[in-house]
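Line by line, the protein sequences give chains A and B.
Its first residue numbered 1, the first sequence is counted upward by one per residue in my numbering.
Its first residue numbered 1001, the second sequence is counted upward by one per residue in my numbering.
C-beta: ideal position from N, C-alpha, C; glycine also.
Since the model is a prediction, treat every value here as computed from it, not as a measurement.
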Amino acid sequence: MSEERKRRSDTRMVPYPSQAIVPERDVGKQPVLETRHLGIEFGGLKAVEDFNMIIGRTEIAGLIGPNGAGKTTVFNLLTKVYEPTTGTVLINGRDTKGLSIVQTAHLGVARTFQNIRLFSQMTVEENVRIGLHNQIRYDMFTGILRLPRYWQQERRQHEETLELLSIFGMQDLADVRAGSLPYGAQRRLEIVRALATNPSLLLLDEPAAGMNPHETEELMENIARIRDQFQIAILLIEHDMSLVMGVCEGICVLNFGRIIAKGTADEIQNNPVVIEAYLGRRKEG
Amino acid sequence: MKTKRSKLIYNLVTFGLVIAAFIIMTVMINNKTISRSLKGQLIPICSWIMMAVSLNLVVGISGELSLGHAGFMSIGAFTGIVVSGWLLNGFQMEDPTLRLVLALIAGGVTAGVAGVLIGIPVLRLRGDYLAIVTLAFGEIIKNVMNCIYVSVDGTQLRFGFLNNTIPGTILLNGPNGAKGVKTISTFTAGFILVLITLAVVLNLVNSRAGRAIKATRDNRIAAESMGVPVTRYKMMAFVTAAVIAGMAGVLYGLNMATLVPTKFSFNESINVLVFVVMGGIGNILGSVISATALTILPEKLRFLQNYRMLIYAVVLILVMVLGNNPTLKSWFRSVFGRLFRRGKPEDGPDGEKEVARHE
């Protein structure tokens, strides 16, 4: 018990119990995310079990695995949509036990969704402004009475929004209703909205789903650029292997809720366990 | 598609229409060209507009179906009557304007407090469950009002619950309600209140808090993931609507010589909901117009005697069916489109016409 407590309060940089797969530049800094023995059960079914992961300050990490492996469940655990049944999640060294989705978001976790969840009745600009909700603030009465602070903060929000939208060259779409955007643009808008919350960890759930190879390549460049520009960590779930292998520094493979392999792109590609999980075992003889 | 420009035009049209209507009515009152029945309805129309706009804040902007909105009106109305009667009988305050203002504040505050108390349990629910529970609270308020006795004894208010033997001048007499109320509501007061309501709701919708309210409507999980405290903003919309409904109640109650608690029944809640749906969910200007039209309509149909409510229902059905006819819609758009360029007036400040979706 005392050992467990010590482990929690401990901020030593050698990750426990996973191997150090943090990029060299992030070694010695507080990791953005650390999970220890994370797991969740749904009525006796262990959807995720003993999930240990560590992500460096500016790392781009990938989470892959066959369908139904529990990847999105991991995201839901990290963002506290589900409360884990076992284990801990540390965001910037803070235990998220008992925190709500909103409180976890305040710790600096932002995400996109596999099945796009934009505010479809609102405009592109308003969607991004929701991301800025906790960055540029004023209270309800300032808004109703239209005090000078209202105009000042609204202008700041507007400028910031256009700047964020320009990452994907979407400034001209600011007044379009989010629901009427083409699919690819909706995915990009979700990323912009998540970035607006000023996160330290960005979770992308299948960002390239439904994109053509050209768009995927563009997205890959943008993900790397976002990391460089904002100096944040990115964890992404993706089925498009060209994207994962191209951009992720550390990759974690999940199957049936358990981590079966961790490592760099090369290590993962040549790992027999991973190949087996995806393709099945070759018949002997 | 909507732009800053179309938002501005929408707001200007809304305020312009209300102000124009007020000026026309005032001129007609001064010329004595106004019909008796219409003149008698001016103040109720103001309060129904306030009711419709405030319910639209809950149903259209916040996306929660509330079926007990008349309950807040009831609380406001009887609080207003008690405060006004108390000030008159207890403190000999003759000035009707001051009494009305104080009654409005008291009615708004009490309804707001009721909104908080009801909101705490109700806003934990979603969708249909929330609707049913608000319905239940509306009925509870009506029945509690049926049991309350209030009198003014000297300068003191005396309350009785199921107990009508309280000393002094009776202000509220349980199921018999209030009798001999000094009617101090004026059309000007109603007009100012409508303007305030519109300013509050429209400004709220186009602010940080309003966007958060709309975000929780569009996608609750996404809003939470962006760090928007969903319950707080749902509560904000609900309580603001309750305060406005309470003030509408004060205006309404202090316009009637007699008022019984059963007036604010489920029927009235549904009536207000009809105003909101008719005018377009989320469309504030639509609520103003439909509340006005649907308050006047039953009076104008009086000559039909027994068939009155039948025809009223038929008119409602026709408007709903024709209003959703794509050919007619596009015709309207081509007519009004030229006036408003990119912003469609019938689509509300956010271009939302479809019924708010519940998750």
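Give me the chain B residues within the contact set of Val102(A), using Cβ-Cβ distance strictly less than 8 Å, ordered along the chain. By 1-based counting over the first sequence, the position of residue 102(A) is 102. Neighbours of Val102(A) on chain B, chain order: Glu1224, Gly1227, Val1228, Pro1229 and Val1230.
Hey, is Asn76(A)'s beta-carbon within less than 7 Å of any beta-carbon in chain B? Position 76 of the first sequence holds residue 76(A). So no, Asn76(A) is outside the interface.
Spell out whether any CB of chain A is found under 7 Å from the CB atom of Val1013(B). Against the second sequence, residue 1013(B) aligns to sequence position 13. No, no contact with chain A.
* Do Thr72(A) and Glu190(A) have their CB atoms nearer than 7 Å? -> Residue numbering aside, residue 72(A) sits at position 72 when the first sequence is read from its first letter. Residue numbering aside, residue 190(A) sits at position 190 when the first sequence is read from its first letter. Not closer than 7 Å, so no.
Requested in this report: Name, going along the chain, the residues of the stretch 93-118 of chain A whose beta-carbon falls closer than 8 Å to a beta-carbon of chain B.
Outcome: Ser100, Ile101, Val102, Ala105, His106, Ala110, Arg111, Phe113, Arg117 and Leu118
Please check the pair Ala208(A) and Thr216(A), which I expect to be a contact at CB under 8 Å, by giving their CB distance rounded to whole angstroms. The residue labelled residue 208(A) in the question sits at position 208 within the first sequence. The residue labelled residue 216(A) in the question sits at position 216 within the first sequence. With 8 Å as the limit, Ala208(A) and Thr216(A) qualify as a contact, their Cβ atoms being about 5 Å apart.
When the Cα of Asn92(A) is compared with those of Ala105(A), Glu83(A) and Val81(A), which residue comes out closest? Counting from one through the first sequence, the residue named residue 92(A) turns up at place 92. With distances taken between Cα atoms, Asn92(A) lies closest to Ala105(A).
Regarding Ala1114(B) and the ligand MG, is the C-beta to nearest heavy atom distance less than 6 Å?
The ligand MG is not among the ligands present in this structure, which contains no ligands whatsoever.
Start and end residues, beta strand (DSSP E) containing Tyr1149(B)
Here residue 1149(B) is taken as the residue at index 149 of the second sequence, counted from 1. It spans Ile1148 to Asp1153 - the beta strand (DSSP E) in which Tyr1149(B) sits, taken as one unbroken run.
ask   = According to DSSP, is Asn198(A) helix, strand or coil?
value = Taking the first residue of the first sequence as 1, we reach residue 198(A) at position 198. In the structure shown, Asn198(A) sits in coil (DSSP, three-state: anything other than H, G, I, E or B).
| query | the stretch 166-192 of chain A: which residues have C-beta closer than 7 Å to a C-beta of chain B, in chain order? | reply | Asp175, Val176 and Arg177
- request: Could you tell me which of Thr142(A), Val273(A), Ile259(A) and Ala110(A) sits nearest to Leu203(A), measuring between CA atoms?
  value: For the purposes of this step, residue 203(A) is identified with residue 203 of the first sequence, where counting begins at 1. Nearest option by C-alpha distance: Ala110(A).
Assuming contact is defined by CB atoms lying nearer than 7 Å, are Leu1100(B) and Ala1199(B) in contact in what I supplied? Against the second sequence, residue 1100(B) aligns to sequence position 100. Against the second sequence, residue 1199(B) aligns to sequence position 199. It is not a contact, given that the beta carbons lie outside the stated cut-off.
- Best match in Met1320(B), Leu1254(B), Val1276(B) and Thr1258(B) for proximity to Ala1103(B) [C-alpha to C-alpha]: The count along the second sequence starts at 1 and reaches residue 1103(B) at position 103. Nearest C-alpha to Ala1103(B): Leu1254(B).
contact_flag[the stretch 84-104 of chain A, the stretch 1156-1171 of chain B] where n(CB pairs < 8 Å) is 3 or more
no
Could you confirm whether any beta carbon from chain B is found closer than 7 Å to the beta carbon of Thr197(A)? Within the first sequence, residue 197(A) is the residue found at index 197, counting from 1. Output row for Thr197(A): interface = yes.
Item to check | Residue of Val1321(B), Met1309(B) and Ser1287(B) minimising C-alpha distance to Asn1056(B) | outcome: By 1-based counting over the second sequence, the position of residue 1056(B) is 56. It is Ser1287(B) whose Cα lies nearest to the Cα of Asn1056(B).
Neighbouring residues, chain B, relative to Ile55(A) (Cβ below 9 Å) = Within the first sequence, numbered from 1, the residue matching residue 55(A) stands at position 55. Within chain B, no residue comes near Ile55(A); the closest Cβ sits about 18 Å away, beyond 9 Å.
Where Ala1020(B) and Thr1014(B) are concerned, what is the direct C-alpha to C-alpha distance, given to the nearest angstrom? For this step, residue 1020(B) is matched to residue 20 along the second sequence. For this step, residue 1014(B) is matched to residue 14 along the second sequence. One C-alpha to the other measures close to 10 Å.
Item to check | Gly1085(B) versus Ala1257(B), Asn1271(B), Arg1302(B) and Tyr1312(B), residue with shortest Cα-Cα distance | outcome: Indexing the second sequence from 1 puts residue 1085(B) at position 85. Of the listed residues, the one whose Cα sits closest to Gly1085(B) is Ala1257(B).
query = Just how far apart, CA to CA, sit Tyr1312(B) and Asn1271(B)?
reply = As a working note, residue 1312(B) is residue 312 in the second sequence. As a working note, residue 1271(B) is residue 271 in the second sequence. For Tyr1312(B) and Asn1271(B), the distance between alpha carbons rounds to 12 Å.
Any beta strand (DSSP E) of 3 or more consecutive residues that is wholly inside the stretch 1159-1198 of chain B = 1169-1173
Practice prompt. Determine which residues share a DSSP beta bridge with Glu59(A) and list them.
Written response: In the first sequence, residue 59(A) corresponds to position 59, counting from 1. DSSP output for Glu59(A) lists no bridge partner at all.
If you reduce the DSSP assignment to three classes, tell me which class Thr35(A) lands in. Position 35 of the first sequence holds residue 35(A). Here Thr35(A) sits in strand by DSSP.
Which residues, in chain order, does the stretch 1234-1246 of chain B contribute to contact with chain A at a C-beta distance below 7 Å? Met1236
Check your understanding: Among the residues of its own chain, which have a CB less than 8 Å from the CB of Gln114(A), if the five just before and after it don't count?
Key -> As a position in the first sequence, residue 114(A) is number 114, starting the count at 1. Once the five neighbours on either side are set aside, the close Cβ partners of Gln114(A) are Thr72, Asp205, Glu206, Ala209 and Ile237.
Worksheet item: Which full runs of the alpha helix (DSSP H) of 4+ residues lie inside the stretch 53-127 of chain A, going along the chain?
Response: 71-78 and 101-106
Next on the checklist: Under DSSP, the alpha helix (DSSP H) around Val273(A) begins and ends at which residues?
Outcome noted: Counting from one through the first sequence, the residue named residue 273(A) turns up at place 273. Taken as a continuous stretch (DSSP letters only), the alpha helix (DSSP H) holding Val273(A) covers Pro272 to Leu279.
8 Å Cβ shell around Ser2(A) - same chain, five flanking residues per side excluded:
Counting from 1 along the first sequence, the entry for residue 2(A) is found at position 2. Residue confidence is low: Ser2(A) scores 48 on pLDDT, short of 50, so the model does not pin down where it sits. Its coordinate-derived value is still stated next. Around Ser2(A): no qualifying Cβ.
message: For the alpha helix (DSSP H) containing Leu1067(B), name the first residue and the last one.
response: Start at 1 with the first residue of the second sequence, and residue 1067(B) comes out as number 67. Segment: none, Leu1067(B) is in no alpha helix (DSSP H) and carries neither H nor E.
Open item on the list: Quick test of the definition: if touching needs 3 or more C-beta pairs under 8 Å, does the stretch 1202-1212 of chain B touch the stretch 1079-1097 of chain B?
Closed with: no
- Where DSSP assigns a beta bridge to Asp205(A), which residues make up the other side? For this step, residue 205(A) is matched to residue 205 along the first sequence. Ile237(A).
| said: DSSP three-state label for Asn255(A), please. | reply: Looking up residue 255(A) in the first sequence gives position 255. Residue state, collapsed to three classes: strand.
- What's the C-alpha gap between Met1001(B) and Asn76(A)? Taking the first residue of the second sequence as position 1, residue 1001(B) is located at position 1. Taking the first residue of the first sequence as position 1, residue 76(A) is located at position 76. Model confidence at Met1001(B) stands at a pLDDT of 39, short of 50, so the residue's coordinates are unreliable and nothing is read from them.
Original post:
Do you know how far the Cα of Pro66(A) is from the Cα of Leu201(A)?
Top reply: Against the first sequence, residue 201(A) aligns to sequence position 201. Against the first sequence, residue 66(A) aligns to sequence position 66. About 24 Å.
Notebook entry, point to check: Cα-Cα, which of Gly1246(B), Cys1046(B) and Leu1301(B) is closest to Phe1264(B)?
Noted result: Counting from 1 along the second sequence, the entry for residue 1264(B) is found at position 264. Among Gly1246(B), Cys1046(B) and Leu1301(B), the Cα nearest to that of Phe1264(B) belongs to Gly1246(B).
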